[in-house]
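Notes to accompany the following structure.
Residue numbers (the working numbering), protein chains in the order written: chain A, 11 to 388; chain B, 50 to 393.
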């Protein structure tokens, strides 16, 4: 454990390795990630941005029920996935589709939820990604428990748990950080402070000097990092992951970023914030920043960039095609997974629904649709 | 999961008298012994052995990694149990008292109950939430709730409540090995009642009720601490020439319609007994189910004897609140026996 409480406090300014004009900042104790990992990260950023744009378009076309966009926050999404090994686990929220996809989960499986086919569409064990959490901060406690199980078995799995600034007001945020610190668990808590919880600004969530300052209350280090700087995020997160794996316990990381778009497509951000506020954040774009840096050091040619964008187009196209295809949903599935051991009652209800469908179909076939009843049955 | 080999089982076969608390303690110890993925945790369950001593000696015997105290935070306890179950463990979490479990309600309803369904069965949560519940011990406010209806109303949870030391042992062992999450309600009023426990008996199937007493005139349906009351009422009624059967529900979810309804059809009359407030309760659900399934066999409406629709009573008033033998027998008397004579 750190020698003094002061070492747990975040620095006065968020850690930043590349400034918003794409220039490296050298006055840092953190090392710049390798060009290789920045190029890989840039590729994920371009794909992630394309997925955000494509998903928004698919909502407008009625193909997705809703999409909570991470536009402008892609560096946080990409870095969270990149710093983990295969054996590690990611606990994402509903806004973290890009992180889940960066981790390797098929985009089509991720969008099963937002299309409305099922509540979660991927096997958590396929890429070690927990189902995206919709309630706020509840997944942070699961992450702590997951890491606790690993510790009891002597495994060095690291768990990275994501949440937003609004979630830091929830009781489960407190309980998760406290459990993780008390038991010395290998959890990295990444808070994307994007300024808003739907319409409510950060000032209504906390009176703390910063969200990272909360860490000292749990006895864990708190770090602040520029959430639009992929290089800074990769360094700070990797440090925390390494520290957790070494058995030095959890870290709280606040990534300072901004939610460029509305909460979801059902929200209208112009009701509670001005364009003047948004504009400077557009100039801090995380994708452009790392691109400018890689170009300036000669690590990204026009050809490289074109190839990366072509890949992003292929991902978007596959997503479009996949989501435009209708999927046959089986209403009987409503009953199938509720219990591992099916109950007599659910079996009866499944039969009742199936009979109702059969009657409805036979009424349709006989052309007698007018009097079809769809009333509830026991 | 590791199950006991037959030879080991026979080596430690015992039939002995235990209190319900001792039977629960033995079930936890045997599960910890048999399966290295079982872990027991909660508030004061470590060296102190739990406020009701259900985990007595487990920390010393199995070590800090198998039975341990947590921070005082119920949502954290259930939330971390979820994470452990996601990661291959079989956590057994203790909520210290019924009404102290409410901070964990979101975790139980949103995640414990739904994770298997959400993931299309790809991520199940085999875990047990032990909750001492109900009144009858002179407890102060927030220590005596019957909270089963909240959990029973949530699809995905299995809800069990034993009424005997034997069932306390068997049902807890069964709850620990099942793939579904179980809310295990321990009637704290019965913790100190004794009975014979055969730890080598086959585990009872969760979802099956038990005919605790055969009867021909009316059927009393109860679970948890109300089962002994039903049995006592039946004994008194027998002395008065009326034969009352008693069905111990044991498993609130899944509910054993078959056993309960067979008993009611054989008598034509039924009273459901439970401590919880009657409005929108498990007792109401049982009454409705019996009515729907046994209507043509019934000689009288199904009656309920429950707690009042008030917050649980203060210690000196709980005797007025709790269903007792007299109130059960009054309900039995009200089962329209005179109408039968008129009809005949």
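Ideal placement from N, C-alpha and C gives every residue a C-beta, glycine not left out.
Exercise for review: Drop a sphere of 10 angstroms on the beta-carbon of residue 358 of chain B, count the other beta-carbons inside from all chains shown, and report buried for 16 or more, exposed for fewer.
Suggested key: exposed
Point to revise | Length-filtered (3 minimum) beta strand (DSSP E) runs lying within the segment 270-330 of chain B | key: 293-297, 300-302, 319-326
Check your understanding: Would a check of beta-carbon distances place residue 138 of chain A closer than 8 Å to chain B?
Key -> no
**Study point:** C-alpha distance - residue 331 of chain B paired with residue 352 of chain B, whole-angstrom precision
**Key:** 13 Å
Check your understanding: Should residue 163 of chain A be counted as a contact of the ligand ATP given a C-beta to heavy atom distance under 7 Å?
Key -> Of the ligands one can find in the structure shown there are none, so the ligand ATP has no counterpart to examine.
Check your understanding: What residue does the alpha helix (DSSP H) around residue 290 of chain A start on, and which one ends it?
Key -> 285-292
Check your understanding: Rounded to a whole number of angstroms, what is the C-alpha to C-alpha distance between residue 329 of chain B and residue 339 of chain B?
Key -> 16 Å
Practice item. Identify each residue in the segment 219-242 of chain B for which the Cβ-Cβ distance to at least one residue of chain A is less than 9 Å, and report them in chain order. Key: 227, 228, 229
**Study point:** Among A:137, A:181, A:128, nearest to residue 151 of chain A - alpha-carbon criterion
**Key:** A:181
Practice item. Can you pull the chain A residues whose beta carbon is under 8 Å from the beta carbon of residue 171 of chain B, in chain order? Key: 133, 134, 135
Practice item. Select from the segment 170-183 of chain A all residues with a C-beta closer than 7 Å to any C-beta belonging to chain B, and list them in chain order. Key: 181, 182
Check your understanding: How big is the Cα-Cα spacing for residue 59 of chain B and residue 166 of chain A?
Key -> The predicted position of residue 59 of chain B is uncertain, since its pLDDT is 48 and thus under 50; no value can be drawn from it.
Review point. Taking Cβ-Cβ distances below 8 Å as the criterion, which residues of the segment 295-306 of chain B are in contact with chain A?
Key: 302, 303, 304, 306
**Study point:** Burial state of residue 333 of chain B (16 or more Cβ within 10 Å)
**Key:** buried
Check your understanding: Under 8 Å, do residue 102 of chain A and residue 64 of chain A count as touching if we go by C-beta distance?
Key -> no
Exercise for review: Count the other CB atoms, across all protein chains shown, that sit within 10 Å of the CB of residue 59 of chain A; report buried if there are 16 or more and exposed otherwise.
Suggested key: buried
Practice item. Pull out every residue of the segment 339-361 of chain B whose Cβ sits closer than 8 Å to any Cβ of chain A, in chain order. Key: 341
Check your understanding: Under the DSSP definition of a beta bridge, which residues are partnered with residue 141 of chain B?
Key -> B:89, B:177
Point to revise | 8 Å contact criterion, which residue 220 of chain B and residue 211 of chain B should meet: CB distance rounded | key: 5 Å
**Study point:** Outcome for residue 158 of chain A when other beta-carbon atoms lying within 10 angstroms are tallied against a minimum of 16
**Key:** buried
Point to revise | Expected contact under 8 Å - CB spacing of residue 172 of chain A and residue 109 of chain A to nearest Å | key: 7 Å
Review point. Ends of the beta strand (DSSP E) at residue 373 of chain A?
Key: Not the beta strand (DSSP E): residue 373 of chain A falls in the alpha helix (DSSP H), residues 354-375.
Check your understanding: According to the neighbour-count rule (16 or more other Cβ atoms, all chains shown, within 10 Å of its Cβ), is residue 208 of chain A buried or exposed?
Key -> exposed
Check your understanding: Using a Cβ-Cβ distance under 8 Å, would residue 155 of chain A count as near chain B?
Key -> yes
Review point. If you compare alpha carbons, which of B:311, B:78, B:282 is closest to residue 344 of chain B?
Key: B:311
Exercise for review: Grab me the residues of residue 123 of chain B's own chain with a C-beta within less than 7 Å of its C-beta, minus the 5 sequence neighbours each way, in chain order.
Suggested key: 144, 149, 150, 152, 153
Check your understanding: Where residue 188 of chain B and residue 139 of chain A are concerned, what is the direct C-alpha to C-alpha distance, given to the nearest angstrom?
Key -> 44 Å
Point to revise | Cβ neighbour criterion (16 or more within 10 Å) applied to residue 363 of chain B | key: exposed
Review point. For the alpha helix (DSSP H) that residue 321 of chain A lies in, which residues bound it at each end?
Key: 312-334
Review point. So residue 271 of chain B and residue 302 of chain B are in contact, right, with Cβ under 8 Å, and what is the actual spacing, rounded?
Key: Rounded, the Cβ-Cβ distance is 16 Å, inconsistent with contact.
Check your understanding: Mind checking whether residue 356 of chain B and residue 383 of chain B have CB atoms under 8 Å apart?
Key -> no
Check your understanding: Quick one: does residue 189 of chain A have its CB under 8 Å from some CB of chain B?
Key -> yes
Exercise for review: In the DSSP assignment, find the unbroken alpha helix (DSSP H) run with residue 368 of chain B in it and report its ends.
Suggested key: 367-370
Practice item. For the segment 217-232 of chain A and the segment 290-298 of chain A, state whether three or more C-beta atom pairs, one from each stretch, are separated by less than 8 Å. Key: no
Point to revise | Cutoff 6 Å; reference residue 52 of chain B; Cβ partners in own chain excluding five residues on either side | key: Here the model assigns residue 52 of chain B a pLDDT of 45, short of 50, so the residue's position is not dependable, and the following value carries that caveat. For residue 52 of chain B, where only same-chain residues beyond five positions count, there are no Cβ hits under 6 Å.
Exercise for review: Taking all protein chains shown into account, decide if residue 339 of chain A is buried (16 or more other Cβ within 10 angstroms of its Cβ) or exposed.
Suggested key: exposed
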